[in-house]
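In what follows, a structure is listed as structure tokens, so that the remarks can point back to it.
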Amino acid sequence: MMQNEPIDTNWLTDTLTDAQETLDKAIELLESDPRHAQGVLEHEIPALYAKLNYAVNTSYIGPNAVNILAHERLTAWPQGQAFKAFAVKEPVKKAKTTKSRARTAKQCCSAA
154 MMQNEPIDTN
164 WLTDTLTDAQ
174 ETLDKAIELL
184 ESDPRHAQGV
194 LEHEIPALYA
204 KLNYAVNTSY
214 IGPNAVNILA
224 HERLTAWPQG
234 QAFKAFAVKE
244 PVKKAKTTKS
254 RARTAKQCCS
264 AA
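Each residue of the sequence shown is one higher than the one before, counting from 154 in my numbering.
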């Protein structure tokens, strides 16, 4: 990606609109019949991710990206992007609460 170049905002708008149409279709399918859920997960959601990745990967180059980037790079997860919101965090495990009395360390860990 050429991040020293300005973002082609018209192109980014067009590609995001395309992704939005895919998301709208997924929502319509689910609202029309919840039994479409598996198909939405298998078809519309991967297409949505590909279109969002395409929007990011081509945002600096614009429509000419199809002539510059390898096909795999067009829809691949955007490399070098600081998507901090997507950082995977381990879930915090909550301690189980019980109605019994709390044990002391001596009671808990003493040999039987």
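Where is the CB? At the ideal position from N, CA and C, for every residue including glycine. All values reported here derive from a predicted model rather than from experimental measurement.
Item                                                                                                                                 : Value
Just the C-alpha distance for Ala190 and Thr166, rounded to the nearest angstrom, thanks.                                            : 28 Å
Checking 8 Å against the spacing of the C-beta atoms, do Asn206 and Ala179 come in under that value?                                 : no
Of all the alpha helix (DSSP H) runs that stay within the bounds of the stretch 154–221, which reach a length of 4 or more residues? : 162–185, 198–210 and 218–221
Using CA coordinates, which residue listed in Asp161, Glu174 and Glu158 is at the minimum distance from Tyr202?                      : Glu174
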